[in-house]
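Contents: one structure, followed by commentary.
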Amino acid sequence: MPDTLIRFDFVDAAIRGEIVRLDHSWQAICSHRDYPPPVRQVLGELTAASVLLAASLKFEGSLALQLQGAGPLRLAVAEARDSLKVRATADWNELGEAATLPQLLGRGTFAVMLDASVGEPYQGIVEVEGDGVGAALEGYMARSQQIPTRLILACNADTACGLLLQRLPDQSSADADAWDRLTALASTLGAGEMLAVSPDTLLHRLFHEESVRLYPPRQPSFGCRCSAGRVEGMLRMIGREEVEAILAEQGEVKVACEFCNQSYRMDAAEALA
3 MPDTLIRFDF
13 VDAAIRGEIV
23 RLDHSWQAIC
33 SHRDYPPPVR
43 QVLGELTAAS
53 VLLAASLKFE
63 GSLALQLQGA
73 GPLRLAVAEA
83 RDSLKVRATA
93 DWNELGEAAT
103 LPQLLGRGTF
113 AVMLDASVGE
123 PYQGIVEVEG
133 DGVGAALEGY
143 MARSQQIPTR
153 LILACNADTA
163 CGLLLQRLPD
173 QSSADADAWD
183 RLTALASTLG
193 AGEMLAVSPD
203 TLLHRLFHEE
213 SVRLYPPRQP
223 SFGCRCSAGR
233 VEGMLRMIGR
243 EEVEAILAEQ
253 GEVKVACEFC
263 NQSYRMDAAE
273 ALA
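Quick note, my numbering runs 2 ahead of the 1-based positions in the sequence shown.
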């Protein structure tokens, strides 16, 4: 199936939503590193969630979701731009028997980072709560943004997908029970069904008795922002002395992008320019 994101809302309730399916872009992410299944599960859910949230960005820039902990999974990060270009990566040690998010992270933090092309970047950090990426992000939205949020996420080796519902701050809605009813309907969605069925069909199955307004679908895709220019900027940040030390030891500067494995090599003239 093509990678697809559909935004929707409910005519009679102050509730918005998005549903996303990532096939090609998720497979591209997985092709760059051999992720163990538990790490792949977390990273896939994080990737789907990043696209769901980036779809509502009202500025040119990016949104990144980051899990960091002291357990076997040291870091997982997914970044999506307003254009729905997405990339993701993870860093881990020997997993042992760790399989769930709490086991993988230990005591961890969840961060949401917004980086607009104009203005200062924003970062919000909370301790991870819950047993999965969806629960962790719901907790972040409740504590940091005070936005009731329901997230259903699923992932396998080929597909990462997600459904997002958010309650908008509108007290004039005539349907007072809508949030409880719609989130209960969303909770009936199992991972197997979500991974096997197209987003538009899922929306019909879940909400066919509701008045749903659909917006034109968008197509997410894999995209990495690494470049030789960014590497040069990084070298300027670490300073000439550190770069000279690397050159003395290695004869050149070698940098590999953690997201796409693109390799950059610079000789002394290039690295010190």
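Note that the Cβ used here is the ideal one computed from N, Cα and C, for glycine as well.
When DSSP builds the beta bridges, which residues end up paired with residue i?
| i | result |
| --- | --- |
| Ile-8 | Ile-21 |
| Glu-129 | Thr-111 |
| Lys-60 | Paired residues: none, contrary to the question. |
| Gly-164 | Val-22, Leu-155 |
| Ser-223 | Lys-87 |
| Tyr-124 | Leu-116 |
| Arg-169 | Ile-17 |
Relative to the C-alpha of residue i, which residue among the options is closest?
| i | options | result |
| --- | --- | --- |
| Arg-23 | Ile-17, Pro-38, Ser-33, Ser-52 | Ser-52 |
| Glu-251 | Glu-260, Asn-263, Asp-269 | Asp-269 |
| Trp-94 | Leu-86, Ala-57, Leu-106 | Leu-106 |
| Cys-262 | Glu-140, His-210, Trp-28, Pro-218 | Trp-28 |
| Leu-86 | Leu-103, Arg-109, Tyr-37, Thr-6 | Thr-6 |
| Ala-198 | Ala-156, Ala-230, Ala-188 | Ala-156 |
| Ala-92 | Tyr-124, Val-44, Gly-121 | Val-44 |
| Pro-123 | Glu-62, Tyr-217, Gly-46 | Glu-62 |
| Val-128 | Pro-40, Glu-254, Ser-58, Arg-109 | Arg-109 |
| Pro-39 | Asn-158, Asp-202, Val-79 | Asn-158 |
| Ser-33 | Gln-264, Ala-271, Gly-134 | Gln-264 |
| Ser-223 | Gly-19, Ala-258, Thr-49, Ala-78 | Thr-49 |
| Met-3 | Glu-254, Ala-247, Ser-213, Thr-203 | Thr-203 |
| Val-245 | Glu-272, Pro-219, Gly-225, Gln-221 | Glu-272 |
| Cys-259 | Ala-230, Leu-55, Gly-73 | Ala-230 |
| Ala-78 | Val-41, Ala-193, Phe-12 | Val-41 |
| Lys-60 | Ala-118, Ala-90, Ser-200 | Ala-118 |
| Asp-277 | Gln-221, Asp-11, Arg-238 | Nothing can be reported for residue 277, as the shown portion of the chain is limited to 3 through 275. |
| Gln-147 | Ala-30, Ala-15, Leu-170 | Leu-170 |
| Pro-104 | Ala-138, Gly-46, Cys-228 | Ala-138 |
| Met-239 | Cys-228, Leu-274, Phe-209 | Leu-274 |
| Gly-134 | Phe-10, Ala-57, Glu-212, Glu-47 | Glu-47 |
| Val-13 | Pro-201, Ser-200, Val-88, Phe-209 | Phe-209 |
| Gly-19 | Leu-165, Asp-172, Met-196 | Leu-165 |
| Ser-200 | Glu-212, Tyr-266, Ala-30, Ala-162 | Ala-162 |
| Ile-17 | Ala-188, Ala-82, Ala-90, Val-88 | Ala-188 |
| Thr-151 | Leu-54, Arg-35, Arg-267 | Leu-54 |
Between which two residues does the alpha helix (DSSP H) containing residue i stretch?
| i | result |
| --- | --- |
| Tyr-142 | 135-142 |
| Ile-248 | 242-252 |
| Gly-194 | 193-198 |
| Arg-183 | 180-189 |
| Leu-204 | 201-209 |
Got a sec, what are the start and stop residues for the beta strand (DSSP E) residue i sits in?
| i | result |
| --- | --- |
| Glu-81 | 75-83 |
| Gln-29 | That residue, Gln-29, is in no beta strand (DSSP E); its alpha helix (DSSP H) goes 26-33. |
| Ser-265 | 265-268 |
| Gln-68 | 63-71 |
| Ala-258 | 255-258 |
| Arg-215 | 214-216 |
| Arg-89 | 87-94 |
Please confirm whether any heavy atom of the ligand MN lies closer than 7 Å to the CB of residue i.
| i | result |
| --- | --- |
| Met-268 | Ligands in the displayed structure: none, and consequently the ligand MN is not present. |
Around the C-beta of residue i, are 16 or more other C-beta atoms found within 10 angstroms, so that it is buried, or is it exposed?
| i | result |
| --- | --- |
| Gln-168 | buried |
| Tyr-37 | buried |
| Pro-218 | exposed |
| Ile-149 | exposed |
| Glu-190 | According to the sequence shown, residue 190 is Thr rather than Glu. Looking at its Cβ environment, which holds fewer than 16 other Cβ atoms inside 10 Å, Thr-190 is exposed. |
| Glu-243 | exposed |
| Gly-72 | A small correction: the amino acid at residue 72 is Ala; Gly does not occupy that position in the sequence shown. With fewer than 16 Cβ atoms within 10 Å of its Cβ, Ala-72 is classed as exposed. |
| Leu-153 | buried |
| Leu-75 | buried |
| Leu-216 | exposed |
| Val-120 | exposed |
Inset, instruction - Would you check if the stretch 66-75 and the stretch 98-118 touch, i.e. whether three or more CB-CB distances between them fall below 8 Å? - result: Between the stretch 98-118 and the stretch 66-75 there are three or more C-beta pairs closer than 8 Å, enough to call the two in contact.
Inset, instruction - Evaluate the contact criterion for the stretch 98-109 versus the stretch 233-250: three or more CB pairs, one atom per stretch, below 8 Å. - result: A contact between stretches requires three or more CB pairs, one per stretch, nearer than 8 Å, and the stretch 98-109 fails this requirement with the stretch 233-250.
Legend entry - Inter-stretch contact (C-beta, 8 Å, three-pair minimum) for the stretch 180-190 and the stretch 136-144: In short, these stretches do not touch, since the Cβ pair count stays below three.
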